[in-house]
Amino acid sequence: MILGKVSVVSLMLCVIVAYGILMAWYFKLLLDYFPKSDGSKYSFLRWFHRYRSLAFTGGFVNIGLFAHLVIMYFGPLRVRVEGLFYGAPMHDVPALFAFMSILVTTINFVTSVEVRFYPKYRNYYSLFNDNGSIRDIEQAESEMLGVLKRELTFSGHKQLIAAIIFIVLGSYLLEWLPLGFTDVAVGIFRFLCAGYGIYAIGNSIMLILLYFEDYAGALLGTAAFAAVSVIATIWQVLYGSVSFYGLGFLTGGAVFYFIVWLRLEWYTKRLPYFLLCRQEIIAGQEKGWFIKLCDYLDARDKKREEEELHGGSRLEKM
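The number in the numbering used here is simply the position in the sequence shown, starting from 1, with 3 added.
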């Protein structure tokens, strides 16, 4: 509060301070866990080259998940708060409450899907590493995929129930609360509840693809999610009706879900092939822009150290 009343500046200051504390604390935990690094300080570039699809996958998820909120700041619902700070309360507030509906799936994935799936997953992969028999491997694969299918189905049912409750009861509750909800805001809320629910299930399936190291499939699904969500939302802002805002994100979530679901079905039918036949027998030399950049920076630092060493030796002789 500033001078006894809440202001935009004070709220922004609170957010900045909170995230600053969070960042500093995470950095401290990181330093405690890795007190001393070995090797080059640019080695992360090599790992980024090796797993760059993961970085793009995470980026596309965030673009698909949050870009539609930013796009609305340039549409007819935007409101100028102060200076260059714009918002779209008619869209932002429904999005905030709709986003809460996916907490069910988020918590369920950690406490149920992973808990029951991971032991079967670990047993299946350990049989390949420990020279298990073909019969044992096939049985372990059947058990693992059975548990996975059952848990994802249960997770989908729970999210469906949560979405229905939010859409039906939440609409009446939000109209009753003094939040300024109009019929347009309620319509946006319903579209976003459905969109976030579909996204939550698709995201769970995408995480399972990462379990199976199908980085290409995860990248394909998230890239389609980001592209469709952004393009459809921009089209809505330019040509669509305000009453159907949120449908663009819903379309992106649906495309995301169908792509990763079909990819998981296709990939799990060929698990032994991907485990045994796609691994490199002889590791080849890594090439790429990030590898070249890492080598260049390492060589530059080494040259500087040698120059400083030779310079110090000459000073000692003098």
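Heads up, the beta-carbon is just placed ideally off N, CA and C, and yes, glycines get one too.
Here the structure is a predicted model, which is why all the values come from computation and not from measurement.
Assigned exposure category for residue i - 16 Cβ within 10 Å defines buried
{"i": "Cys297", "result": "buried"}
{"i": "Thr114", "result": "exposed"}
{"i": "Pro97", "result": "buried"}
{"i": "Arg193", "result": "buried"}
{"i": "Asn65", "result": "exposed"}
{"i": "Thr225", "result": "buried"}
{"i": "Ile5", "result": "Note that Ile5 scores a pLDDT of 46, beneath 50, so its modelled location is shaky; the value from the coordinates is reported in the next line. Exposed, since its Cβ has fewer than 16 Cβ neighbours within 10 Å."}
{"i": "Arg266", "result": "buried"}
{"i": "Val231", "result": "buried"}
{"i": "Leu48", "result": "buried"}
{"i": "Leu212", "result": "buried"}
{"i": "Asn132", "result": "exposed"}
{"i": "Tyr22", "result": "exposed"}
{"i": "Phe3", "result": "Lying before the first or after the last residue shown, residue 3 is absent from the chain, which here runs from 4 to 321."}
{"i": "Phe37", "result": "exposed"}
{"i": "Ile24", "result": "exposed"}
{"i": "Met26", "result": "exposed"}
{"i": "Gly86", "result": "exposed"}
{"i": "Gly173", "result": "buried"}
Residues near residue i by beta carbon distance below 7 angstroms, same chain, minus five either side
{"i": "Gly198", "result": "Gly249, Phe252, Leu253 and Gly256"}
{"i": "Tyr124", "result": "Met147 and Tyr214"}
{"i": "Phe184", "result": "Leu177 and Glu178"}
{"i": "Asp139", "result": "Leu130"}
{"i": "Tyr276", "result": "none"}
CA-to-CA distance, residue j to residue i, given in whole angstroms
{"i": "Met15", "j": "Arg83", "result": "15 angstroms"}
{"i": "Val263", "j": "Leu68", "result": "16 angstroms"}
{"i": "His94", "j": "Gly190", "result": "10 angstroms"}
{"i": "Gly61", "j": "Arg307", "result": "36 angstroms"}
{"i": "Ala229", "j": "Leu177", "result": "29 angstroms"}
{"i": "His52", "j": "Leu278", "result": "21 angstroms"}
{"i": "Tyr242", "j": "Ile110", "result": "38 angstroms"}
{"i": "Ile201", "j": "Ala165", "result": "12 angstroms"}
{"i": "Ala143", "j": "Phe88", "result": "55 angstroms"}
{"i": "Tyr29", "j": "Ile137", "result": "45 angstroms"}
{"i": "Asn206", "j": "Val116", "result": "13 angstroms"}
{"i": "Glu141", "j": "Leu182", "result": "56 angstroms"}
{"i": "Tyr299", "j": "Lys290", "result": "13 angstroms"}
{"i": "Val171", "j": "Asn126", "result": "43 angstroms"}
{"i": "Thr271", "j": "Phe63", "result": "24 angstroms"}
Supposed contact pair residue j and residue i - C-beta distance, whole angstroms, cut 8 angstroms
{"i": "Ala101", "j": "Cys196", "result": "5 angstroms"}
{"i": "Tyr45", "j": "Asp301", "result": "6 angstroms"}
{"i": "Val187", "j": "Ser104", "result": "Actually they do not touch by this definition, with Cβ atoms about 19 angstroms apart."}
{"i": "Ser56", "j": "Leu222", "result": "5 angstroms"}
{"i": "Val258", "j": "Ala227", "result": "5 angstroms"}
Nonlocal neighbours in the same chain, by C-beta distance under 8 angstroms from residue i, ignoring five residues either side
{"i": "Ile204", "result": "Thr108, Leu155, Ser158, Gly159, Gln162 and Tyr260"}
{"i": "Ile74", "result": "Val233, Thr236, Ile237 and Val240"}
Residue(s) in a DSSP beta bridge with residue i
{"i": "Val150", "result": "Val150 is not bridged to any residue."}
{"i": "Gly90", "result": "Val82"}
Residue i at chain D interface by Cβ criterion, 8 angstroms
{"i": "Ala58", "result": "Here chain D cannot be found, since the structure has a single protein chain."}
6 angstroms Cβ shell around residue i - same chain, five flanking residues per side excluded
{"i": "Leu80", "result": "Ala91, Met93 and His94"}
{"i": "Phe293", "result": "Leu48, Phe51 and His52"}
{"i": "Leu151", "result": "Phe120"}
{"i": "Arg303", "result": "none"}
{"i": "Met209", "result": "Ala221, Gly224 and Val263"}
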